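Number of protein chains: 2
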Amino acid sequence: MSQFLRPNIRAMAGYTPGEQPRDGEYIKLYTNEKPYPPSPRALDAMAELLRSDRLRKYPDPLGTAFRHSAGKLLNVDPDSILIGNGSDDILTILTRAFVPEGGLVVSPTPSYLLYATLADIQGARFEAVPFTNDWRLPTPWPKPDAHLTLVANPNSPTGTVVTNQALEGLAKELRGPLIVDEAYVDFAETHAVGLTRLSNVIVTRTLSKSYSLAGLRFGFAIAAPALVRELVKVKDSYNCDALSLAGAQAALEDQAYFQQTHAKIIATRARMSALLPKLGFDVLPSHANFIWATRTDRPVKPIFQELKNRKILVRYMNYAGHGDGLRISVGSEAEIDRLLDELQKLL
Amino acid sequence: MSQFLRPNIRAMAGYTPGEQPRDGEYIKLYTNEKPYPPSPRALDAMAELLRSDRLRKYPDPLGTAFRHSAGKLLNVDPDSILIGNGSDDILTILTRAFVPEGGLVVSPTPSYLLYATLADIQGARFEAVPFTNDWRLPTPWPKPDAHLTLVANPNSPTGTVVTNQALEGLAKELRGPLIVDEAYVDFAETHAVGLTRLSNVIVTRTLSKSYSLAGLRFGFAIAAPALVRELVKVKDSYNCDALSLAGAQAALEDQAYFQQTHAKIIATRARMSALLPKLGFDVLPSHANFIWATRTDRPVKPIFQELKNRKILVRYMNYAGHGDGLRISVGSEAEIDRLLDELQKLL
Numbered sequence: 001m002s003q004f005l006r007p008n009i010r011a012m013a014g015y016t017p018g019e020q021p022r023d024g025e026y027i028k029l030y031t032n033e034k035p036y037p038p039s040p041r042a043l044d045a046m047a048e049l050l051r052s053d054r055l056r057k058y059p060d061p062l063g064t065a066f067r068h069s070a071g072k073l074l075n076v077d078p079d080s081i082l083i084g085n086g087s088d089d090i091l092t093i094l095t096r097a098f099v100p101e102g103g104l105v106v107s108p109t110p111s112y113l114l115y116a117t118l119a120d121i122q123g124a125r126f127e128a129v130p131f132t133n134d135w136r137l138p139t140p141w142p143k144p145d146a147h148l149t150l151v152a153n154p155n156s157p158t159g160t161v162v163t164n165q166a167l168e169g170l171a172k173e174l175r176g177p178l179i180v181d182e183a184y185v186d187f188a189e190t191h192a193v194g195l196t197r198l199s200n201v202i203v204t205r206t207l208s209k210s211y212s213l214a215g216l217r218f219g220f221a222i223a224a225p226a227l228v229r230e231l232v233k234v235k236d237s238y239n240c241d242a243l244s245l246a247g248a249q250a251a252l253e254d255q256a257y258f259q260q261t262h263a264k265i266i267a268t269r270a271r272m273s274a275l276l277p278k279l280g281f282d283v284l285p286s287h288a289n290f291i292w293a294t295r296t297d298r299p300v301k302p303i304f305q306e307l308k309n310r311k312i313l314v315r316y317m318n319y320a321g322h323g324d325g326l327r328i329s330v331g332s333e334a335e336i337d338r339l340l341d342e343l344q345k346l347l
Numbered sequence: 348m349s350q351f352l353r354p355n356i357r358a359m360a361g362y363t364p365g366e367q368p369r370d371g372e373y374i375k376l377y378t379n380e381k382p383y384p385p386s387p388r389a390l391d392a393m394a395e396l397l398r399s400d401r402l403r404k405y406p407d408p409l410g411t412a413f414r415h416s417a418g419k420l421l422n423v424d425p426d427s428i429l430i431g432n433g434s435d436d437i438l439t440i441l442t443r444a445f446v447p448e449g450g451l452v453v454s455p456t457p458s459y460l461l462y463a464t465l466a467d468i469q470g471a472r473f474e475a476v477p478f479t480n481d482w483r484l485p486t487p488w489p490k491p492d493a494h495l496t497l498v499a500n501p502n503s504p505t506g507t508v509v510t511n512q513a514l515e516g517l518a519k520e521l522r523g524p525l526i527v528d529e530a531y532v533d534f535a536e537t538h539a540v541g542l543t544r545l546s547n548v549i550v551t552r553t554l555s556k557s558y559s560l561a562g563l564r565f566g567f568a569i570a571a572p573a574l575v576r577e578l579v580k581v582k583d584s585y586n587c588d589a590l591s592l593a594g595a596q597a598a599l600e601d602q603a604y605f606q607q608t609h610a611k612i613i614a615t616r617a618r619m620s621a622l623l624p625k626l627g628f629d630v631l632p633s634h635a636n637f638i639w640a641t642r643t644d645r646p647v648k649p650i651f652q653e654l655k656n657r658k659i660l661v662r663y664m665n666y667a668g669h670g671d672g673l674r675i676s677v678g679s680e681a682e683i684d685r686l687l688d689e690l691q692k693l694l
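Chains as they are written, first to last, in my numbering: chain A, 1 to 347; chain B, 348 to 694.
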């Protein structure tokens, strides 16, 4: 059967699922989930839906109620919002809308590895543009002709941000669309939604990280309404289920709970940023819910392995030309206490 | 911005969302939802998940627990199962895996309109092969060179089936893969899962219809394990959320409830099939949870409109070369009583 596959699919490396430790066995600090539960209002909204007659019926394909809530929160036209089954679904839709077979996808590196995979699936080329040494975008931008340019901001694994001014400059240099992937933006100080006034800027969001809903799969994009109407043609009609639409809407509406758990993350992040250097790590100032920790005095891979032996999972990452490091999610205070304890013992 | 879109996307007709009547206002007999609630065990499994710590974490990307249950029920290797966010997601994955830009997608007509849309999004051509007058597949098959051939079986809107022998003959004629879309197969007498022993046959399923879970978005494919491993590369890693995985698994495991609601559908379908002809409709023997009702004595579109005025929604469909008809979902006994009453009054 594999002879029927498109050559680009056949050539792709097989997917290796991330580690799935059993609950309770490991402290998970490697996929940037939030350590606090989702909004009780979101859970209530979904529980209520389970008691209703709605699950046997098709969901609203446009997510009208969600879009109104999100529009209100972000101060944008609800028609400028596209709903997605996670922001990965949104990124897939954007790739399919803009990138032809043999086209070009570009993103800074090191960054989110999915961008290259999306290009592979589409049968397109992927090129990475290195960040400058101080984690800015190079100017002039060397690849203005891409069919799609993606910038994760805040970036993963570094947690660094580029300014809206830099993003606007890039958007103006590009001859194609710019996606600002704001998966982590709720942990930063600013966002780029205002840049969607430019005709080639699209901002993407997820509820997986800052709203503690990674298991629910919900994300969205913000773009010009005329473009959203085009993108709707590319998505599966019913890409978002009734539970996720109800849960996502209620989660966004519960800003009081959001702020409360958010403040805890910011406090724990500050503590990690202060203490990890005392253990010999070089730490970038993080605007996300993780810390990128590197060191020059000794290799970090054995530290990753030692932590794993002690039932703490962090993410070891190695980027050609940029070296390796540990990406450590901002966990609960207790989880980070354990992490720092174990690091102290083993270093 | 639309100048950046791929030409095939720009050329597509804009999506017109289906009618979304407010609950209770209309009797919905137009999207083939099942009139009975989902399995109580499925609802319990999802409610339990809401009370757990799992929603803030990423779901299992491969759906291992679901695949084991489905494998057991269907008597296939769990590794031959691919999970999807509805069977529309599965059909999208298959199109992306097999069909290059400029490639060819073929299906019999009249059938599920999504197949042509999937070709459009992929930048491929779509060609329709008319069923024979007695709703069989023509032999020899005129388009053996398609990159993807899709046969809905049972077919929509007709509710007719082709035999496994016919499908096997088609699979052997084809030089590419054959998708047997079994969205409605639980309402039929046989299925084609056994044909996946052929190297180019893939069967797709959904829980939207026969398991009353249209709002949950869950479907799956059955294919050779080596092929499933390739298709996993094309899907979004986390295409299925934790709630749908838990709900779908529990629904499949609750065969007692399934059989009980299933028997009601089959009984109501028999009643509709017997009574609609008495009202002047020509009715094909249905193997699905809807009836395709046509008539030669008068146009059916005004009947559709009259029913709508009386708060009953059925699906009016018009296929070039095949004429038009009403596709009427098998509702509850009370809903069908209302339908037959109103039809009697207006005819």
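Note that CB positions come from ideal geometry on N, CA and C, so glycine has one too. Keep in mind it's a predicted model, so treat the numbers as computed, not measured.
Residue-chain proximity (residue i, chain B), Cβ-Cβ < 8 angstroms
{"i": "alanine 353(A)", "result": "Since the displayed chain A opens at 1 and closes at 347, residue 353(A) lies outside it and no answer follows."}
{"i": "asparagine 200(A)", "result": "yes"}
{"i": "aspartate 324(A)", "result": "no"}
{"i": "serine 273(A)", "result": "no"}
{"i": "serine 244(A)", "result": "yes"}
{"i": "glutamate 127(A)", "result": "no"}
{"i": "leucine 104(A)", "result": "no"}
{"i": "glycine 194(A)", "result": "no"}
{"i": "glycine 176(A)", "result": "yes"}
{"i": "lysine 311(A)", "result": "no"}
{"i": "asparagine 75(A)", "result": "no"}
Under 7 angstroms by beta carbon: chain A residues contacting residue i
{"i": "proline 406(B)", "result": "Gly215"}
{"i": "leucine 397(B)", "result": "Leu43, Met46, Ala47"}
{"i": "threonine 439(B)", "result": "Asp236"}
{"i": "phenylalanine 445(B)", "result": "Phe4, Leu5, Arg6"}
Minimum Cβ-Cβ distance from residue i to chain C less than 8 angstroms
{"i": "phenylalanine 605(B)", "result": "Absent from the structure: chain C. Protein chains present are A and B."}
Cβ-based burial, residue i [other Cβ within 10 Å; buried from 16]
{"i": "asparagine 289(A)", "result": "buried"}
{"i": "tyrosine 75(A)", "result": "In the sequence on display, residue 75(A) carries asparagine and not tyrosine. Flag for asparagine 75(A) reads exposed."}
{"i": "aspartate 241(A)", "result": "buried"}
{"i": "alanine 349(A)", "result": "Residue 349(A) lies beyond the stretch modelled for chain A, which goes from 1 to 347, so this question has no answer here."}
{"i": "proline 225(A)", "result": "exposed"}
{"i": "leucine 420(B)", "result": "exposed"}
{"i": "glutamate 680(B)", "result": "exposed"}
is_contact[residue i, chain A] using C-beta, thresh 8 angstroms
{"i": "serine 454(B)", "result": "no"}
{"i": "valine 527(B)", "result": "no"}
{"i": "glycine 418(B)", "result": "no"}
{"i": "aspartate 435(B)", "result": "yes"}
{"i": "glycine 566(B)", "result": "no"}
{"i": "isoleucine 356(B)", "result": "yes"}
{"i": "glycine 470(B)", "result": "yes"}
{"i": "aspartate 588(B)", "result": "yes"}
{"i": "glutamate 600(B)", "result": "no"}
{"i": "glutamate 448(B)", "result": "yes"}
{"i": "lysine 381(B)", "result": "yes"}
{"i": "lysine 648(B)", "result": "no"}
Paired residues, beta bridge with residue i - DSSP
{"i": "asparagine 665(B)", "result": "Asp671(B)"}
{"i": "aspartate 629(B)", "result": "Thr641(B)"}
{"i": "serine 107(A)", "result": "Ala128(A)"}
{"i": "alanine 221(A)", "result": "Leu82(A), Thr204(A)"}
{"i": "serine 199(A)", "result": "Beta-bridge pairing links serine 199(A) to no other residue."}
{"i": "isoleucine 659(B)", "result": "Ile374(B)"}
Partner residues on chain A for residue i, Cβ-Cβ distance less than 8 angstroms
{"i": "aspartate 349(B)", "result": "The sequence given here places serine at residue 349(B); aspartate does not occur at that position. Residues of chain A passing the Cβ test: Ala226, Leu227, Glu230."}
{"i": "threonine 551(B)", "result": "Those do not exist, as threonine 551(B) stays about 14 angstroms from chain A at its closest Cβ, beyond 8 angstroms."}
Partners in chain B for residue i, counting only beta-carbon separations shorter than 9 angstroms
{"i": "serine 210(A)", "result": "Result: empty, since nearest Cβ-Cβ is about 11 angstroms, beyond 9 angstroms."}
{"i": "asparagine 289(A)", "result": "Correct list: empty, because the minimum Cβ distance to chain B is about 12 angstroms."}
{"i": "threonine 31(A)", "result": "Lys404, Tyr405"}
7 angstroms Cβ cut-off: residues of chain B touching residue i
{"i": "methionine 317(A)", "result": "Per Cβ cutoff of 7 angstroms: no residues; methionine 317(A) is ~17 angstroms from chain B at best."}
Contacts of residue i in chain A (Cβ-Cβ under 9 angstroms)
{"i": "leucine 402(B)", "result": "Pro37, Pro38, Ala42, Leu43, Met46, Ser212, Leu213, Ala214, Gly215, Leu216, Gly247"}
Is the segment 578-594 of chain B touching the segment 456-476 of chain B, taking contact as three or more C-beta pairs under 8 angstroms? no
Between the segment 487-497 of chain B and the segment 615-623 of chain B, are three or more C-beta pairs nearer than 8 angstroms? no
If contact is defined by three or more beta carbon pairs under 8 angstroms, each pair taking one atom from either stretch, is the segment 391-398 of chain B in contact with the segment 37-48 of chain A? yes
Give a yes or no on contact between the segment 29-38 of chain A and the segment 309-316 of chain A, applying the rule of three or more CB pairs nearer than 8 angstroms. yes
Decide if the segment 554-562 of chain B is in contact with the segment 380-389 of chain B; the criterion is three or more beta carbon pairs, one per stretch, under 8 angstroms apart. yes
Could you tell me whether the segment 123-136 of chain A touches the segment 252-260 of chain A, using the rule of 3 or more Cβ pairs below 8 angstroms? no
Flag this pair as touching only if the segment 171-184 of chain A and the segment 544-557 of chain B have three or more C-beta atom pairs under 8 angstroms; answer yes or no. no
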